[in-house]
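First comes the structure, then the notes that go with it.
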Amino acid sequence: MTIMERPDERRALEILKAAFPEKYSQAILLDKPDIQNPEENIGVEVTQALKESVLKALDLNEKLIQNEQDIKAAIEDKYGKGFLSVRLPLPDNETKKVTISVANWHNLFNLYQAYDNKLMKLRHGNYRLYAENNLFIYVFSEDELAIERLMRHIEREKAGKYYDIVYVYSQPVLYIIDCERLIVEKLVPIVK
């Protein structure tokens, strides 16, 4: 069985190799988890958190809408029921074009949901476990308050198995959340 390489996983590996060459220079792309370094006994699962960024790009204020059905209805009223092409702003003044299906709005995750979804899979044995199990989350808008809130959320969810490190990447900034010590570090990696 061949593994289909996803560009976001390849990019996450490049970012980690640039930021932490001693940990990830021998890492390769596999599956469950997406990035593995058996030599260093490290695995990294890769995911995305798009929901907040899409709402911001659509100029819909999530706080004014009470639930997911209201959000979806507001999107359908304003943009229709088909596909949305949205340019998400990146912190380095670039944009990334994303196309989503309005019908599948519920499949988009916010930062907490992205973490919780992967944590549930980690706890249920969906991934090969390593001595160090990490999570890499792409976000498309830099919000340090959201990173701090995620760290507090991680603190509340620390019963049982949990990720050792959560990397949150918002181009070009990489946040590193040490889930054991509950410390956030901010890096700007140089990736060629």
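All residue numbers for the sequence shown refer to my numbering, where the first residue is 166 and numbers rise by one.
Positions of the beta carbon are idealized from the N, C-alpha and C atoms, including for glycine.
Please report how far the alpha carbon of Glu345 lies from the alpha carbon of Val331, in whole angstroms.
Residue 345 sits at position 180 when you count from the first residue of the sequence shown. Residue 331 sits at position 166 when you count from the first residue of the sequence shown. Glu345 and Val331 have their C-alpha atoms roughly 11 angstroms apart.
DSSP three-state call for Pro198: helix, strand or coil?
Counting from one through the sequence shown, the residue named residue 198 turns up at place 33. Residue state, collapsed to three classes: coil.
Helix, strand or coil, according to DSSP, for Val331 in the structure here?
Looking up residue 331 in the sequence shown gives position 166. Val331 falls in the strand class under three-state DSSP.
Here's the rule: buried if 16 or more other CB atoms are within 10 angstroms of the residue's CB, otherwise exposed. What is Ile342?
Within the sequence shown, residue 342 is the residue found at index 177, counting from 1. By the neighbour-count rule (16 or more Cβ atoms within 10 Å), Ile342 is buried.
Cβ neighbours of Tyr334 in the same chain (closer than 8 angstroms, five flanking residues each side left out)
If you number the sequence shown from 1, residue 334 lands on position 169. Hits under 8 angstroms: Ala177, Ile180, Phe301, Ile302, Tyr303, Val304, Tyr340.
From the DSSP output, in three-state form, read off Pro172 for me.
The residue you call residue 172 lines up with position 7 of the sequence shown. Reduced to three states, the DSSP call for Pro172 is helix.
Cβ neighbour criterion (16 or more within 10 Å) applied to Lys283
In the sequence shown, counting from the first residue as 1, residue 283 sits at position 118. Under this definition Lys283 is a buried residue.
In this structure, how does DSSP classify Met166 when only helix, strand and coil are distinguished?
Within the sequence shown, residue 166 is the residue found at index 1, counting from 1. Low local confidence applies: a pLDDT of 44 at Met166 is under 50, so the model's placement there is unreliable, and no value is given.
Beta-carbon separation of Phe274 and Leu215 under 9 angstroms?
Along the sequence shown, one-based indexing puts residue 274 at 109. Along the sequence shown, one-based indexing puts residue 215 at 50. Contact: yes.
As assigned by DSSP and simplified to three states, the class of Leu215:
Here residue 215 corresponds to residue number 50 of the sequence shown, with the count starting at 1. The answer is coil: DSSP assigns Leu215 none of H, G, I, E or B.
In this structure, how does DSSP classify Asp242 when only helix, strand and coil are distinguished?
For the purposes of this step, residue 242 is taken as the residue at position 77 of the sequence shown. It is helical.
In this structure, how does DSSP classify Arg114 when only helix, strand and coil are distinguished?
Since the first residue of the chain shown is 166 and the last is 357, residue 114 is not available in this structure.
Do you know how far the Cα of Tyr292 is from the Cα of Lys188?
The residue you call residue 188 lines up with position 23 of the sequence shown. The residue you call residue 292 lines up with position 127 of the sequence shown. Using only the alpha carbons, I get a separation of about 19 angstroms.
Buried or exposed for Phe248, please, with buried defined as at least 16 other CB atoms from any protein chain shown within 10 angstroms of its CB.
If you number the sequence shown from 1, residue 248 lands on position 83. Looking at its Cβ environment, which holds fewer than 16 other Cβ atoms inside 10 Å, Phe248 is exposed.
Closest Cα partner of Asp221 within the set Glu204, Ile319, Ile240:
Counting from 1 along the sequence shown, the entry for residue 221 is found at position 56. Reading the sequence as shown, one finds Lys at residue 221 and not Asp. Per the Cα distances, Ile240.
Which residue comes first and which comes last in the beta strand (DSSP E) that contains Leu294?
Within the sequence shown, residue 294 is the residue found at index 129, counting from 1. Unbroken run through Leu294: none, as it is neither H nor E.
Would you list the one or two residues that DSSP bridges to Pro254?
Here residue 254 is taken as the residue at index 89 of the sequence shown, counted from 1. Looking at the DSSP assignment, Pro254 forms a beta bridge with Thr260.
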